[in-house]
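S.K.:
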Ligand SMILES: [Zn+2]
C-alpha cells in the first residue's frame, strides 16, 4: 500500500513517534496548549513563557459521542457516510483533546485507556487526508 | 439605577420554512409580527420607542452584517432612534435584552424595544462559516467533525457515567416538555409524545435521539421594556426585571468546546451559564430556592438535568428523580421550561433570549393557560451561545 498521505490541515501534527500533536506549554504556569498560541492565555499567569511540546501517547477516554449523521461543511468525509465515534480524551500529559475514535460505539466505555494515532479521515485526488484519532489501548 | 419593567411582549409562532405556520416569511416579517404584538400588549406606539436593542442573526436578514435591528426600524418606519445589534451566537437575544435593560436601568432611555428573530437554514447548524486555519471552530470541524449534537451527546454520556442516568430518563424530559407545549399557541410542536415514541426516534448523536434535540426553527419574539416610573402611565401591573446578566467562560472551563485544553482538577460544566446565573442571583438578592420556575436553554434534554443542579435549584444527582416524580412539570416543585422549551419550539437561535422573556412575562401575569405555573412569582431565564457566551435574567411580579 503506497497511498499518498497528507495532513488535512498542515502544521498541526506529525506522524513521527507514532503520532504527535504540535502544541506548546507555558513554562511559567504549566498550561498545555494545542494548537500552540502566540502567548500564554492564562489570566492568572504572570509571565508567558511558551515552549514547543508535542503531545501524544496514552490517555483516558473522558466521554464520547457518535456522529450518526454526516456533519455539515467544513467537515469532509468519504461517501457513503459511515457513523464514527468522537472521543474526548484526557492525555496523560495533561491535555484534554477531542478526536475521532477508531472502533465502534459498542466497544467504547468512559474511562477506557486509549492512545493517539494519525489516520485518514477522507480521500481526494488519490490522496489520503489524515488527522489525529484515538484507538483503544 | 432606575427600576426596569417589561411592559409588553409578543411572539410569532415558531415553524419551519415552507410549513403552514411560517411559510416563506422573511425574518423581518416574523419580527414585525412579534413587535406589533408587543407594542399592542404594552399600549405603546412605535413613535414612543426611544431605542432598539436587537439580536444579530448570522443566518437571515441584517444585510449580511447582522443589522437585523436596522431592518426592523426601516420596516416600522425610520424615526432616527439608535439601534444596537448584538451578536453572541445563540445567546444574542439574551444579550440584546441585557443591553436594553442596562440602558433603561442606567437612565439613558426610558422606553426600549428588544427583538430577535430567525429564518434558519435546514439541518445541523454549520458552526464555522469560514475556512480559516486560525479559526479553532474551523479546525474542529475539519480535523474532527464534531457538530453541536455531538458536543451535547458527549456531556450526556458523561452524565450517564457519573449519575447512572438512563436513556429512558432522558426521554422522560422530552415527554414532559412536549406535554407542556400542548395548548401553547406559539410552540412549533403542540402534540404530546410517548416515551416509546421518543425512544424509537433515531439517534442524532448517540446517546441523544431526534426527539431529544431541538431542531432549528423560524420564529421571532419582542419585548417592550421601560422604566418603572414611566410604566405607571401604561399599566398598574408591570412585570419587574429583578436583574439581567451576561457572562463568558472562565479559563478553567473544561468542556470540549475547542480542539484541546488543560485537563481540569475538578468537575467539567458550563462556566459561562453558571457565572451568568450566579451573578443574577447575587444582583437580584434572590436565591435559587425562591425561583418559581425556570426557562433554560434546552438544546437537548441533558440540560434540564444538569443545569438545575449546577445552579443550586436542586441537589447534585437529584434531577433524574425530580423528572420522574413530575416535579419539573408546571405544577411540580421545580418547574423547568413550562413553555415546552427549545425541544418543543425548535431553536430560532438569536430569538431565544427574547422568547424566554415573553414566556416569563406571561407566566408572571398568570396568562399562560394550561401550562401556567400556579402562583408564579419569580422566573429565571438563561441562554448560552457559541463563543462561550451566556445570559440570565430574573423577572418577578
Ligand atoms: Zn502561563
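Protein chains in written order, with this note's numbering: chain A, 651 to 787; chain B, -7 to 389.
A virtual CB, placed ideally from N, CA and C, is assigned to each residue, including glycine.
Just to confirm, does residue 690/A get its C-beta within under 7 Å of one of the non-hydrogen atoms of ligand 1?
M.R.: Residue mapping note: residue 690/A aligns to position 40 of the first chain, counting from 1. Yes, the Cβ of residue 690/A comes within 7 Å of a heavy atom of ligand 1.
S.K.: Between 57/B, 61/B, 3/B and 94/B, which lies nearest to residue -6/B when the distance is taken from Cα to Cα?
M.R.: Position 2 of the second chain, counted from the first residue, corresponds to residue -6/B. It is 94/B whose Cα lies nearest to the Cα of residue -6/B.
S.K.: Would you identify the three-state DSSP class for residue 262/B, choosing helix, strand or coil?
M.R.: For the purposes of this step, residue 262/B is taken as residue 270 along the second chain, with counting starting at 1. In the structure shown, residue 262/B sits in coil (DSSP, three-state: anything other than H, G, I, E or B).
S.K.: With DSSP run on the structure shown, which of helix, strand or coil describes residue 61/B?
M.R.: The residue labelled residue 61/B in the question sits at position 69 within the second chain. Residue 61/B falls in the helix class under three-state DSSP.
S.K.: In the region 82 to 117 of chain B, which residue ranges form an unbroken alpha helix (DSSP H) of at least 4 residues, counting only runs that do not cross its ends?
M.R.: Qualifying alpha helix (DSSP H) stretches, in chain order: 84 to 97.
S.K.: Taking 8 Å as the cut-off, decide whether the C-beta atoms of residue 338/B and residue 209/B are in contact.
M.R.: For the purposes of this step, residue 338/B is identified with residue 346 of the second chain, where counting begins at 1. For the purposes of this step, residue 209/B is identified with residue 217 of the second chain, where counting begins at 1. The answer is yes: Cβ separation under 8 Å.
S.K.: So, with DSSP's three-state summary, where would you put residue 691/A?
M.R.: Counted from its first residue, the first chain places residue 691/A at position 41. It is coil, neither helix nor strand.
S.K.: Please work out which residues of its chain come closer than 7 Å, Cβ to Cβ, to residue 123/B, disregarding the five sequence neighbours upstream and downstream, and give them in chain order.
M.R.: In the second chain, counting from the first residue as 1, residue 123/B sits at position 131. Here the set comprises 130.
S.K.: Consider the Cβ of residue 704/A: report whether some Cβ of chain B lies at a distance smaller than 8 Å.
M.R.: For this step, residue 704/A is matched to residue 54 along the first chain. Residue 704/A does not count as touching chain B.
S.K.: I think residue 744/A touches residue 254/B, with their Cβ atoms under 8 Å apart; what is that distance to the nearest whole Å?
M.R.: In the first chain, counting from the first residue as 1, residue 744/A sits at position 94. In the second chain, counting from the first residue as 1, residue 254/B sits at position 262. The pair is a contact, with the Cβ atoms about 6 Å apart (cut-off 8 Å).
S.K.: Out of curiosity, what's the CA-to-CA distance linking residue 317/B and residue 720/A?
M.R.: In the second chain, the residue the question calls residue 317/B occupies position 325. In the first chain, the residue the question calls residue 720/A occupies position 70. Answer to the nearest angstrom: the Cα atoms are 37 Å apart.
S.K.: Less than 8 Å between the beta carbons of residue 700/A and residue 764/A, yes or no?
M.R.: Here residue 700/A corresponds to residue number 50 of the first chain, with the count starting at 1. Here residue 764/A corresponds to residue number 114 of the first chain, with the count starting at 1. No, Cβ-Cβ distance for residue 700/A and residue 764/A is not below 8 Å.
S.K.: Any idea what DSSP makes of residue 299/B, helix, strand or coil?
M.R.: Your numbering for residue 299/B matches position 307 in the second chain. Residue 299/B falls in the helix class under three-state DSSP.
S.K.: Since residue 86/B and residue 379/B are thought to touch, with beta carbons under 8 Å apart, how far apart are those beta carbons, to the nearest angstrom?
M.R.: Position 94 of the second chain, counted from the start, is the residue given in the question as residue 86/B. Position 387 of the second chain, counted from the start, is the residue given in the question as residue 379/B. The pair is not a contact, with the Cβ atoms about 13 Å apart (cut-off 8 Å).
S.K.: So residue 243/B contacts chain A; which residues on that side make the cut at Cβ distance below 8 Å?
M.R.: Locating residue 243/B in the second chain gives position 251, counting from the first residue. What residue 243/B touches in chain A: 691, 692, 693 and 694.
S.K.: Counting C-beta neighbours from all protein chains within 10 Å, is the total for residue 291/B 16 or more, i.e. buried, or is it exposed?
M.R.: Taking the first residue of the second chain as position 1, residue 291/B is located at position 299. Its Cβ being crowded by 16 or more others within 10 Å, residue 291/B is buried.
S.K.: Within the same chain, show all residues whose beta-carbon is closer than 6 Å to that of residue 0/B, passing over the 5 residues directly before and after it, in chain order.
M.R.: The residue you call residue 0/B lines up with position 8 of the second chain. Within the same chain, residue 0/B has close Cβ partners 30, 33, 34 and 216.
S.K.: Would you say the region 11 to 23 of chain B touches the region 235 to 242 of chain B, given that touching needs at least three Cβ pairs under 8 Å?
M.R.: These segments do not touch.
S.K.: Taking the beta strand (DSSP E) that residue 770/A falls in, what are its first and last residues?
M.R.: Within the first chain, the letter at position 120 stands for residue 770/A. Segment 763 to 774, the beta strand (DSSP E) holding residue 770/A.
S.K.: Would residue 381/B and residue 264/B be called neighbours here (beta carbons separated by less than 8 Å)?
M.R.: As a working mapping, residue 381/B is identified with position 389 in the second chain. As a working mapping, residue 264/B is identified with position 272 in the second chain. Yes, the Cβ-Cβ distance between residue 381/B and residue 264/B is below 8 Å.
S.K.: At a threshold of 7 Å, does residue 681/A count as lining ligand 1 (C-beta to nearest heavy atom)?
M.R.: Along the first chain, one-based indexing puts residue 681/A at 31. Yes, the Cβ of residue 681/A comes within 7 Å of a heavy atom of ligand 1.
S.K.: Residues of the region 759 to 776 of chain A with a CB closer than 8 Å to any CB of chain B: list them in chain order, please.
M.R.: Cβ contacts with chain B come from 760, 761 and 771.
S.K.: Indicate, with yes or no, if ligand 1 has a heavy atom lying under 7 Å from the CB of residue 695/A.
M.R.: To locate residue 695/A, count along the first chain from 1; it is residue 45. Under cutoff, so the answer is yes.
S.K.: Compute every distance between the C-beta of residue 293/B and the non-hydrogen atoms of ligand 1, then say whether any falls below 7 Å.
M.R.: On the second chain, position 301 is the one that residue 293/B refers to. No, the beta carbon of residue 293/B sits no closer than 7 Å to any heavy atom of ligand 1.
S.K.: Is the region 138 to 149 of chain B touching the region 193 to 200 of chain B, taking contact as three or more C-beta pairs under 8 Å?
M.R.: Yes: at least three Cβ pairs fall under 8 Å.
S.K.: Taking Cβ-Cβ distances below 9 Å as the criterion, which residues of the region 186 to 218 of chain B are in contact with chain A?
M.R.: Cβ contacts with chain A come from 194, 195, 196, 197, 198, 199 and 200.
S.K.: Please list the partners that residue 745/A has in chain B, where partner means a Cβ-to-Cβ separation under 8 Å.
M.R.: Within the first chain, numbered from 1, the residue matching residue 745/A stands at position 95. Chain B residues near residue 745/A: 252, 253, 254 and 255.
S.K.: Return the first residue and the last residue of the alpha helix (DSSP H) that residue 313/B is part of.
M.R.: Here residue 313/B is taken as the residue at index 321 of the second chain, counted from 1. That run of the alpha helix (DSSP H) goes 311 to 316.
S.K.: What's the gap between the Cα of residue 21/B and the Cα of residue 784/A?
M.R.: Position 29 of the second chain, counted from the first residue, corresponds to residue 21/B. Position 134 of the first chain, counted from the first residue, corresponds to residue 784/A. So the alpha carbons of these two residues sit roughly 48 Å apart.
S.K.: For residue 368/B, collect the residues of the same chain with a Cβ closer than 7 Å to its Cβ; drop the 5 residues on either side in sequence, then sort them by chain order.
M.R.: Residue mapping note: residue 368/B aligns to position 376 of the second chain, counting from 1. Cβ within range, chain order: 284, 285, 355 and 356.
S.K.: Could you run through the region 718 to 735 of chain A and flag, in chain order, every residue whose CB is less than 9 Å away from some CB of chain B?
M.R.: Residues passing the 9 Å Cβ filter: 718, 719, 720, 721, 722, 723, 724, 725, 726, 727, 733, 734 and 735.
S.K.: Would you decide whether residue 126/B is buried or exposed? Buried here means 16 or more other CB atoms lie within 10 Å of its CB.
M.R.: The residue given as residue 126/B occupies position 134 in the second chain. Exposed: under 16 other Cβ atoms inside 10 Å.
S.K.: Whole beta strand (DSSP E) runs in the region 183 to 250 of chain B with 3 or more residues, listed along the chain?
M.R.: Runs of the beta strand (DSSP E) inside the region 183 to 250 of chain B: 195 to 197, 210 to 219 and 231 to 240.
S.K.: How far does the alpha helix (DSSP H) with residue 355/B in it reach, from first residue to last?
M.R.: Locating residue 355/B in the second chain gives position 363, counting from the first residue. Looking at the DSSP string, the run of the alpha helix (DSSP H) that includes residue 355/B is 344 to 357.
S.K.: Using 8 Å as the threshold, is the C-beta distance between residue 107/B and residue 346/B below it?
M.R.: Position 115 of the second chain holds residue 107/B. Position 354 of the second chain holds residue 346/B. Going by C-beta atoms, residue 107/B is nearer than 8 Å to residue 346/B.
S.K.: Check the DSSP bridge columns for residue 751/A and list the partner residues they point to.
M.R.: Taking the first residue of the first chain as 1, we reach residue 751/A at position 101. Bridge partners of residue 751/A: 735/A and 784/A.
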